[in-house]
Each structure stands twice: as structure tokens, then as C-alpha cells.
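So the sequences go chain by chain: A and B. If you count the first sequence from 1, position 236 lands on 236 in UniProt numbering, and the numbers rise without skipping. If you count the second sequence from 1, position 26 lands on 26 in UniProt numbering, and the numbers rise without skipping. Quick reminder that beta carbons are idealized off the backbone N, C-alpha and C, glycines included.
Number of protein chains: 2
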Amino acid sequence: MPDYQAPLRDLRFVMDEMFDFPSHYAALPGGDDASPDVVAAILEEGARFSREVLLPLNQSGDREGCLLEGGDVKAPKGFKQAYQQYVEGGWPSLSAEPEFGGQGLPHSLGMVLSEMICATNLAWGMYPGLSHGAADALRHHGSDAQKATYLTKLVEGVWTGTMCLTEPHCGTDLGLIKTRAVPTADGAFEITGTKIFISAGDHDLAENIVHLVLAKLPDAPQGSKGISLFVVPKYLPNEAGEPGERNGVVCGSLEHKMGIHGNATCVMNFDAAKGYLVGAPNKGLACMFTMMNVARIGVGIQGLGLTEASFQNSLGYARDRLQMRALSGPKAPEKAADPIIVHPDVRRMLLTQKAFAEGGRMLVLYTAQMVDVVEHGQDAAERERAETLLGLLTPIVKAFLTEVGFEATNEGVQVFGGHGFIQEWGMEQLVRDARITRLYEGTTGIQALDLLGRKVLMSQGETLKVFTKEIHKFCQAEADNPVLAEFIKPLAKLNAEWGELTMGVGMKAMQDREEVGAASVDYLMYSGYVTLAYLFARAAKHASAALEGDEHAFYQAKLDTARFYYQRLLPRTRAHAAMVQAGAGSLMAISADDFGLGFEI
Amino acid sequence: MPDYQAPLRDLRFVMDEMFDFPSHYAALPGGDDASPDVVAAILEEGARFSREVLLPLNQSGDREGCLLEGGDVKAPKGFKQAYQQYVEGGWPSLSAEPEFGGQGLPHSLGMVLSEMICATNLAWGMYPGLSHGAADALRHHGSDAQKATYLTKLVEGVWTGTMCLTEPHCGTDLGLIKTRAVPTADGAFEITGTKIFISAGDHDLAENIVHLVLAKLPDAPQGSKGISLFVVPKYLPNEAGEPGERNGVVCGSLEHKMGIHGNATCVMNFDAAKGYLVGAPNKGLACMFTMMNVARIGVGIQGLGLTEASFQNSLGYARDRLQMRALSGPKAPEKAADPIIVHPDVRRMLLTQKAFAEGGRMLVLYTAQMVDVVEHGQDAAERERAETLLGLLTPIVKAFLTEVGFEATNEGVQVFGGHGFIQEWGMEQLVRDARITRLYEGTTGIQALDLLGRKVLMSQGETLKVFTKEIHKFCQAEADNPVLAEFIKPLAKLNAEWGELTMGVGMKAMQDREEVGAASVDYLMYSGYVTLAYLFARAAKHASAALEGDEHAFYQAKLDTARFYYQRLLPRTRAHAAMVQAGAGSLMAISADDFGLGFEI
């Protein structure tokens, strides 16, 4: 059975040594509560909970799946009890605001815990995970009454939330939705329509479920400008605020999926369900983006968690499994064969996972600090800068970390050889679970358009410059540091090239908008590799400075991992840069009809 | 439900127009039987069989899986009937030798049909598929009596075969096997041991199963030099040659796997099972390689088949699914949104699959001609050349086509967005089924060592030169063809670089053998991309010459696909070349103990 230990030492390196979280927390309002001791205690308790409570339910949840019986969904055995422990432990309210019953700790702390949850039981983690987005939408756009009724319950965790966007005929293109909201005499609305792919749409973990639903008002403008957001509870709260009458929303069926079997992916039928408008009419999409940005970073963290899980388990296997002798001669002559970790290609697969896990963790925590500043920063200029950077990095966190997460989990399987394909070992589940992360909350293609089109080109490159300037400054500051030369030189070159590539696509896009879509995914991957290169250079700086201390081996391994990243992963930018520059021509040449001439008669 | 049409037009292009199969067949002994009419009829019938008989059983077989009941395995519903039709249609004997009841048609023809079978039902295809390797081993190494008893039945298809190599503690490293063979008074052997991952190890499709089993004789030398090959039938043939007494080999359990659920992956327990030595004592590994080379190309074809299946179905979806408007303005203004095939990134995903399918098909057929020549070629020098090239290309066919096949099936899922993750559409099954192809019959890492270590470096690069010289000649011959300049120039450059990279690794490997393993997988992928580049340049030559004819659209699409390959896939060689040159240093730096310092306490 798979094992997992939260990477507490690595977290300490990134949080304390690289990004000085203690000072960062101290500068936030109420930051005193997030003292180093408290943070350490929370992380340790999270490590224990994820390992001891969630991990044992991961494989059984995958095998068992969810059950729809008489209109009600049952999560796999043990999920409900684990959720109760989660609520009793106060986890849902950790980073919520005190005025709604939250503990007021920084959001970044919740993100760290989220990595542990995703690493041990992604399917389970999505039940509480979806509540964050729903709570955020209500916090930002809900009325005081809505906050009092729904937000406090979500924060407590006794109720959970969903995001009901997708319909059978549209996911990306929400302007096409057909779900209708008809006003009723009491100021509420009757919501009617079908939503699909609703994660945690129904289940038995919490006493009520708060659906945040996109629907169209009568006479709403066409397309995405005519979408409104509604809150639709499974049970209508009674006067005491407790679940009362059952509302007209039911799970019609459960999807049979490739992975995350333990999470209920529901078709939700709304049949004149009572709902309440959140925010202004026809401004639903903007409200929804509040949820989606939070959710997108959350999905990136899923990629990270699965990467770490895959890394740890394939490392264990590579140390134990005896097969062949090292090409340079026996390394364990006393054994029947050498452990496969002696083989360079096995090490390549392990290091690929390790580098993506450690690199992804740096990226998530770097972004997490910005989330804290955007939410609670005391300085307006800092807040604005953080918001800009967060906008730029969100699609990278989401798409890059899930793309490399899928690769990493596949490398994990590959280390196991044929055993990786067998369910018992738990490695193939990581691949199946990881596969959804490239799709939901906006596919990689959608994230790439968001990055290149909305964030970078729409700002005339200014958004990107905020980040490349930071990298440039770092490179300048370390230019004379001989220890870092192997990192700084290639990084400075890539950083400059990033700007040039952007300019190149921007110029072409002025002639032909399709050039944006043609370059976008390679541009996003390129951006991801350069971003991680920057963070690994910073890691190398801290590691090399600490080499002489007590923990030589840890810092040396960190430096070696950075070196591996630069030598064996960063060269992928060569391919992506060429493909960014290749243009739209070869993509657009063949007509839709002619695509199938090789097989269509 | 997924659909599939055999790519008959594309096959005609590759077989008739590019590689002149009519002349190739005419030059083989008995080649008159493989006249263009006969070949066309066989391909059409194969297309019908795979589409009408196999495809409808693919999803149901995946859902149902196999059943072990009372020691006997039942394949999913319909599999047995489909197999009966297959046998009645004479498919198993197609390319077998007439002296054993075969139809004597060229092997390459069987490989073409294999693509169709793998595209429509990989799990089913493995039942007859494994018989080929078993038959080949008997044909090359079996005694006349063994051939008479077993080979004819395998050729007829009334019995099927297996390859029993792997044991719980060893797969790659067969020198470690523990299965024992003890001679008995009648000249036979008692085989005792446990074999795992035995595909089609037990089932109800055929009346008997012929296991080819690796085991050790008493006092055999240690390691891989002490392995012998045995034939162990499920039922011992009686005097009439029909299945008689049950032998001591039973399926102990079925593996629960990520994919190919319809194929029975068995733990086979041999308990003093009666077996017969095949070939010389202690020479079993050499005999096994006969089976494995056939099987390895077969797995490459699996990658190809799944790629084509994924391409066709995602193409259909991309034409139908309406979502968003093209960035350059509406393309289907009469519809609610444009079909997603207008979006450049969707086209990138479709073209990636298309290029890998068409490129893979060229590679398989190019290799298939060599298989024919090796088996039946009339000229000794030609045979030797074909054998050399076949040795070089086999690991590329196996590993490259399965690596890109896995990528292609994932792109197929990605085109479907969230729907790709839902079982109903059948796309995620292609990914799960494809995942095993990177593992069995030798992982990608093992293929890469075979290519770089055994084939290329052990021959001092001579084996590679046979191929690069052919490419060089082609480039020289077309150097002044202005239409092909966009292909020939980069191809010639890559071809030269291929030699330089090889030399570079060879030099480093003289100092440190680990350099071979460090470079191997990137070297293999590099080799695969250059090989396909050569074949696409040849395709472009034929296509550009035929542009003015009746089928302009077909040839234009072929040329555009070649262009896409060169512009958008071939740049990946830049990354692989850099990583081949990166050396072993960064891979070997961290000790096995220090790998886990980020999480191990």
C-alpha cells in the first residue's frame, strides 16, 4: 500500500529559508496568530491527519466509488467519518475570516495543508475543497443575509459547497448555458436546468450542500453578459438557519470516470429549485471568476500533491526492488541484484518527479504569499503588484503543475515497471486521478489563452514585465556570485528570451489573432519552465550558502536537484521556444473536411 | 460510442505509393499470392472484421473484465464468439508457413491487420497476438515433433500461446528466475514455479493453451546463462494430438489492472507440470528473444493502433462540438458557437495525433518490409542489411510508438475536455490501455538500452550508419528539389547530428558506462523523431509529386501533415539532443539515502 510523509523539511526550507514566511506572516493583520510555533504545529497535525486518516481511505475509495440510491449519494466507506474528524479538528475554518467564524490564519497555510490532502486522497479532498470557492464567492459578492445564512455554515464545514457551471452542451463557453432563473413574488428565483460534472454535487458527508449556480434571468442579454449567479441550497434553511425543507435540486446520475472515483461527480437536475441572486443581475460570470481563480490554484496544488505522492512511493520501490547490475559494476554485490535506484534512467525518472515536486512547491508557496497580500496586505502598491503577479501566475500554477504532475505520476508508474499497471500498488490510481487535473477548472488550452491572451498580451506585456524585472534584478544581484554562475547565466538568457518570444507572438497576433491560440500552450509550458528555473536558482542560492552547516546532505541534495533541473528539464524550453515561433500556418492549413482523408471513404 | 474506420487510403499511400509493396511482394517466394487485388481484399475484410466484430466488444470488455471461476478464466462476453469468427475466417494462419498449415502470405500483411485489431480492441487482440511469438519460438527452435504437435494448432488458431517469463521478483532481470525444471524418466520435465503477468494465461477462447516457459534445469549455471525454454500445454495432447489430460498448470489469480481489462493477466502456478525442452539446454534466453522481437514490434503496433483510434474519435468530436468563437471571428455564424476544430490549439492536438498515426504507420510498414526480407528474402546481402536495420529499428518501433501513442491518446482525451474523463465516450479507455504498452515486453528504458547499448555502441556505430547512410543518400538525391527544401535541409542536419551525438555518448561511455544509461531514453526519443522525419520527407516527396492529380486534397493534407511534423513536433529534438549531451553527472550525484531528505524524518 502506498505510504506518504508530508515533506515537512522541504516545506521549512521553502517557507522559512527561501521566502521568510515568519516575517511575511508577522506583517499581516492578525499575523501574530501565525507564529512559527503555531505554523509548525498546524503542519505537523495536518501531516498526521492526511497520513493516518485520509491515506488509508484512498485506495478503498477508488475501488468502491460512490453510490446513488433513492436520489441520495453515498460517498465511499469512511469518507464521512474522516470528514467529521476534519470538521471537529477545525480545519475548514482555518483561514476563514473571524467575523464568519473563521480562525483568521493566512490563506497560504491552507494551501500548504491542501498539498498534503491532495497527496493522500484527492477524491476526498474535493468534498471540502469545493467549499472554499463557494465561500469566497459569497464573501465577495453575497449579501449580509446570505453571508450569515450560508457562509458561516461553510466556514464551520457543517455544510459544503459546489460550483454549478457546466451543462451538457457547454463547459468552456458558459455564454451558451440554458439554465433559467425565474423571479418569484418573494424576491427569490426558481432555477430550472441541468448541470453536469458537479463535483461533490451530492453526498452524505455534510448536512446540507450549498450550490452556487449560473443561470439566465428572463430577457437576459445573450451570451456571457447575460449570466447571473445564484445560491441554491439542497435543504432550504429554516428560521433557525438549520436545514429545513428539501429544495428542488437532485442528483440525477453519477458519472463513471477514469479516476477520482471516491468523489461524486453528479448530474444535478434543478427543477424550479428555490435560489437567491448573488451579486448583481447579469454579473454572474465575474462573481464566478472569484471562485474559479481560487479553484484554479487549488487544482495546481492537486498536481503538486500527486507528484509528491508519486515521487515518494517510486523512491521507496526503487530502493527495494533488485533488478540487474549497475552498468559500471555491482553496487550491492551481497544481493542477488542491485536495487534499481543505481540505474541512471531510474534516477532520471525519480529526479524528474523530485524536481517537479520541489519546484512546484516553491511555485505554490511563492504564489501563496501573493494570495495573502492580495487578501490582507497593508500596502496598496504591494497589493496591486501581488494582484498582477497572481493573475500572471494563476494559469501557470494550474496548467503547468497539472501537466508536469501527470508526467510525474506516469514516471512513478514507469519506475514500478509492469507492477505500476497493477491497481494493488496504488501508482496507476495517481495517474488516473491526475488526468482530470489537466481538464477541469479550465483545460490547459484555456489556461494558456488566459495567460498569453488575457494576462500578457492584453496588458501589452506589462504584466509579464513585473515578473521578468524581478528575475532580472535577481540575476543582476547574483551576477558576480561564482557559485551560482551555472544557474544565473542560463536564467538571464531565458528571461530575456521570454520577453522576445512574447513580443514576437504579439507582433504576429496583430496580423492574425489565431497566432495567439497557435502559440499559447507552448508559451505556457515555456513560462512554467522559466518560472521554476528562477525559483530553483533562488533555492540554489540558499542551499549553497548553507552547505557548510549541520545539514550538509540536505542542502547538497537541494543543490543537486536544482542542477538536475537545469541540465535535464530546462532544455525543454528549446523545443517550446521553437514551437512558439513556428506560427499558426501549419495548424490552420488543413480544412476540417480534409483532416480525415486517410480513413474516411 | 467510439467509431473506427481502417485507414485504407493512407495504407494505400504508404504501401503502394511510398514503399512499392506490389514489387516487394512479387519478389518474395510465393509472392504471387499477395497480388494487389488479394492484398486489397484482405485489408478490406480486416477493416470490416475489426470494425463490426471487435469494436463493439471493446467498451463492454473493459467494463466486464475477466472472471476466474473454479480455476478457469472466462473472457468477457462475446470475446469467444469473435475469436471463433477469427479462426473461421482463417486469420491466424494468414502469414504462417504452408508446411504448418499457414497461408504463406507475407508477415507484413499480418502487421497491417494488427494495427486494425489494436485500434478496435487491444484486450481482445492480445489473445491471438501472443500466439505469434509462441509459434515463432517453436518454428525456430522446436523439434519436428513439437512443430507437428503444437505449431499446427497455433497456426490454425484452435490453440493459443503464451510467453511465461516474469516472476514476482523479476521481470527485466530474467537471470533471477526461480522456476525449476526437473527431468523425468520419459525425457520430459516437471516444471514448478510461479509466473506472473501472463497475458492470455488462461481463457475460454481456445480449446488448449500452449505455454512457453522459462525455467532452470538442476545444476544450471547461475544467471541468464542458465535459463532453458520449455513448452507446457494446458492440456497434454493425446495420441490423436487433441487435448487430453489436464496438466499441472493453473491460473492462481487475475491481476486487477489499470487497463486492458478484457485480457486475462494471470498469475500462473506450475506444479510439477509436464513440459518439454525447446532448443538446447541453457539456451532459453536466446530462444525467448525470437519471441520477444516479434512481440516488441507488435507492441509498437499497439501504440499505433491506439493513436489512430484516438485521432479518429477526437476528430469527430472536434467537428461536432460547438464552443466559443474563433479568435479571428465566427466561422459558423449560423450556429450557437463554432465547432472547436476552428481553434488552433485543438488543431494542434488533432495534428499531433494525425502525424504520429501517419508517421507511425510509415515506420511500421518500413520495418515490416524488413521483416519480410529477413524471413524470406532471396538475396543474402539484402537479408543481412534488413536484419541489421530491423535490429536497430525494433526498439524504436516499440518504445517510440508507445511513448507517442500514450501522448496521442491523452491529446484525444484533451480534445474532449471534461467529457474525455468520462468512461462512456471511450477515450479514457484508450489512455488506460495505452499505458501498458510503455511497460510490457521491456519498458522504454530497456528498449533504450537495447538501442544505444547493444545495437548502436556495441557495433561501434556501424549499425546506425547503415540507416544514416540511407537517409544521407535520400537527402543528396533530393538536395536540388526546391519543393522539398523545407524538409531536406533540417533532415540532413539532424542526420549528421545523430552521428555526432552517438559519437559523443560513445566517447563518454568509454570513461564511464553509466553514461549509456544516462543518455539512453533521450537518445531513443531523438532517434524516433529523426526516423519519422526521414519518413515524412519521403512522404512529402510522393505527395508533392501527386498534387496536380485527381486527389489533390489528399496529397495536400499529407504535405501539410509533414509540414506540421517538421514545424511543431521535430523541434523536440532540440530538447532531447541537449539532454543526451547533459551527461550522467546530475543523475548520479544524490545518494539513494539522500533522495528523501525533504520528507523522511
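- For L113 (chain A) and F487 (chain A), the gap between their C-alpha atoms comes out near 31 angstroms.
- In terms of CA proximity to L105 (chain B), B:P29 leads the group B:A448, B:P29, B:E515.
- In this structure the segment 57-77 of chain A touches the segment 262-269 of chain A; the number of beta carbon pairs closer than 8 angstroms is three or more.
- Every unbroken stretch of the beta strand (DSSP E) spanning 3 or more residues and falling wholly within the segment 143-172 of chain B is given here in chain order: 159-164.
- Distance between Q369 (chain B) and L130 (chain B), taken at the CA atoms: about 21 angstroms.
- Going by DSSP, E358 (chain B) is part of the alpha helix (DSSP H) stretching over 344-376.
- Per DSSP, the beta bridge partners of K195 (chain A) are A:M268.
- Within chain A, M258, R435 have C-beta atoms less than 8 angstroms from the C-beta of V431 (chain B), given in sequence order.
- Taking a Cβ-Cβ cut-off of 9 angstroms, the neighbours of P344 (chain A) in chain B comprise E514, E515, V516, G517, A518, A519, S520, A584, L587, M588, given in sequence order.
- Of all residues in the segment 102-126 of chain B, none comes within less than 8 angstroms of chain A when Cβ atoms are compared.
- Within the segment 281-320 of chain A, the complete alpha helix (DSSP H) segments of 4 residues or longer fall at 284-320, listed in chain order.
- Of B:A40, B:D33, B:Y25, B:A562, the smallest CA-CA separation from L8 (chain B) is found for B:A40.
- Rounded to whole angstroms, the separation of the alpha carbons of R563 (chain A) and E424 (chain B) is 44 angstroms.
- For V213 (chain A), the enclosing beta strand (DSSP E) stretches over residues 208-215.
- Bounds of the alpha helix (DSSP H) holding V112 (chain A) are 107-120.
- Taking C-alpha positions only, L570 (chain A) is separated from V364 (chain A) by approximately 19 angstroms.
- Counting only runs of 4+ residues, the alpha helix (DSSP H) found wholly inside the UniProt domain "Acetyl-CoA dehydrogenase-like C-terminal" (467-590) of chain A occupies 485-511, 514-545, 552-564, 572-581, 585-588, in chain order.
- Look at S228 (chain A): its C-beta is not under 9 angstroms from any C-beta on chain B.
- Each residue's CA atom was taken as its position, placing G226 (chain A) and F270 (chain A) some 19 angstroms apart.
- Annotation: the continuous alpha helix (DSSP H) that includes K80 (chain B) extends over 79-88.
- The way I'd put it, the segment 403-421 of chain A does touch the segment 433-440 of chain B; three or more beta-carbon pairs between them come closer than 8 angstroms.
- Around T166 (chain A), the beta-carbon contacts reaching into chain B at under 8 angstroms are G418.
- At a Cβ-Cβ threshold of 9 angstroms, K558 (chain B) and H576 (chain B) do not count as neighbours.
- Closest in C-alpha terms to F536 (chain A), from the list A:Q312, A:M362, A:N293, A:R385, comes A:M362.
- Residue pairing from DSSP places R246 (chain B) in a beta bridge opposite B:Y235.
- With respect to the C-alpha of Y86 (chain A), the residue from A:A479, A:Y555, A:G157, A:H169 having the closest C-alpha is A:G157.
- Residues of chain A whose Cβ lies closer than 8 angstroms to the Cβ of Q312 (chain B) are, in chain order, G596, F599.
- Within chain A, no residue has its CB atom less than 7 angstroms from the CB of M362 (chain B), the nearest being about 12 angstroms off.
- Chain B has a Cβ within less than 9 angstroms of the Cβ of Y440 (chain A).
- Sequence-ordered contacts of the segment 552-582 of chain A with chain B read A553, F554, A557, D560, R563, F564, Q567, R568, P571, R572, R574, A575, A578, M579, A582 [C-beta pairs closer than 7 angstroms].
- In the three-state DSSP reduction, D204 (chain A) falls in the coil class, being neither helix nor strand.
- Judged by beta-carbon spacing, D338 (chain B) lies within the 9 angstroms limit of L322 (chain B), meaning their Cβ atoms are closer than that value.
- When the beta-carbon positions are compared, I396 (chain A) and T502 (chain A) stay at least 9 angstroms from each other.
- With its beta carbon less than 9 angstroms from one in chain A, M324 (chain B) belongs to the interface.
- Within chain A, the residues D345 have their CB atoms less than 7 angstroms from the CB of G445 (chain B), given in chain order.
- Against chain B, the CB of K354 (chain A) has a partner CB under 9 angstroms away; the residue lies at that interface.
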